[in-house]
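Chemist: Heads up: the sequence shown is residues 287 to 587, going by this note's numbering. Virtual Cβ for every residue (Gly too), placed ideally from N, Cα, C.
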Amino acid sequence: MGIAHYIKDIGRGRDGARALNREQAADLMGQVLDGTVTDLEIGAFCLAMRIKGETPEEMAGFLDATHARLQHIHAPAKGATVVLPSYNGARRLPVLTPLLAGLLASEGLAVVMHGTATESSRITSQEVLAAMGIPALTHTHAVQAGEVVFAPTELLCPGLKRLLDVRRVVGLRNPAHSLVKLMNVTSGESLLISSYTHPEYAISMAATLELTGARALLLRGTEGEAVADARRLPQIDAFVNGVRTPLAESQTGPLTQLPELPTQIDAHTTARYTQAVLDGQLPVPAPLARQVQAVLHAISL
């Protein structure tokens, strides 16, 4: 059927564009993920949405289409599972998402990380995990309590990986870059950890989590990663069946005592630091310790 009629609605500029309803958004994204539309249509869709911005109802529809096409990771029948998206990587600070995953696993939780490199210049969680001896999955299987696994996006949904890669061509983000931070890649009950960078996304992402009835934690992350900035305490909110519960308030300004983070952000240096913290040789940064406690609290709600 094509998506030209949808592009006609969303492509009229910031003031003239009309939002899609949830069913229309799901149909549009489904066609994009299935690869039944042309590259020209995909480019037009990405640019139109970049100018217009996604509504919570549109994002809910995009998620509906994506969840229907995912190769899900099986969560344990008993115990708790945490989903950690990791798509931005390290730019100025070491990427500590693998450290958060390890801290959660040490609490007996099953941790499913997923992601792909969206920029060539950043150090990714996948590279850090590989340096720690945790290779990316090549096929989906059940995750166990106390285990950390990393699923590449192309394994979960090849069409989604192709959509993320459009950024390398046009140089701009598209709805997929927000979508991956809101999708649950597991089958069974789990807690998604979602993050935002810019304050306006805190509002839209919270609205989407409420609309979809998600079970999630939302906080301002580090350079786009779903891990608290090791230098300050962020606000953390829980969503249980879409109902929002504040768990922690943000701190104004940096911590009085900053953690000793590695000055180099390469994968091997970050892996050594991460392992040293997990082994108890170095202290856990206070914001990450509080994020772990917030996760445990949210799971109990």
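#1: Excluding five sequence neighbours on each side, which residues of the same chain lie with their C-beta closer than 7 Å to the C-beta of Val471?
#2: Measure the C-alpha to C-alpha separation of Thr556 and Ser411 and round it to an integer number of angstroms.
#3: CB Ala347 to CB Leu319, shorter than 9 Å?
#4: Does the count of Cβ pairs from the stretch 385-398 and the stretch 518-526 closer than 8 Å reach three?
#5: I'd like to know if the stretch 505-516 and the stretch 480-489 are in contact, where contact means that at least 3 CB-CB pairs between them fall below 8 Å.
#6: Under the rule that 16 or more other beta-carbon atoms within 10 Å means buried, what is Thr439, buried or exposed?
#7: Express the C-alpha separation of Thr324 and Gly375 in angstroms, rounding to a whole number.
#8: Does the distance from the C-beta atom of Thr494 to that of Ala488 stay below 9 Å?
#9: Identify, in the order they occur along the chain, each residue of the same chain with its Cβ nearer than 6 Å to the Cβ of Ala303, setting aside the five sequence neighbours on each side.
#10: Can you give me the start and stop residues for the alpha helix (DSSP H) that Ile293 sits inside?
#11: For the beta strand (DSSP E) that contains His400, what are its first and last residues?
#12: Do Val429 and Val381 have their CB atoms nearer than 9 Å?
#13: Tell me whether the beta-carbon of Asn460 lies closer than 9 Å to the beta-carbon of Leu468.
#14: Do Ala584 and Thr498 have their C-beta atoms within less than 9 Å of each other?
#15: Start and end of the alpha helix (DSSP H) containing Thr531?
Modeler: Result, derived from the coordinates:
#1: Leu356, His358, Ile359, Val369, Val398, His400, Ala437 and Leu442
#2: The straight-line gap from Cα to Cα measures roughly 10 Å.
#3: Correcting the residue type first, residue 347 is Gly in the shown sequence and not Ala. No, the pair does not count as a contact, with Cβ atoms beyond the cut-off.
#4: Using a Cβ-Cβ distance cut-off of 8 Å, the stretch 385-398 and the stretch 518-526 are not in contact, since fewer than three pairs of beta carbons, one from each stretch, lie closer than that value.
#5: yes
#6: buried
#7: 30 Å
#8: no
#9: Ile296 and Lys338
#10: Where Ile293 is concerned, the enclosing alpha helix (DSSP H) stretches over Ala290 to Ile296.
#11: Residues Ala396 to Gly401.
#12: no
#13: no
#14: Contact: no.
#15: Run containing Thr531: none in the alpha helix (DSSP H); it sits in the beta strand (DSSP E), Val529 to Ala534.
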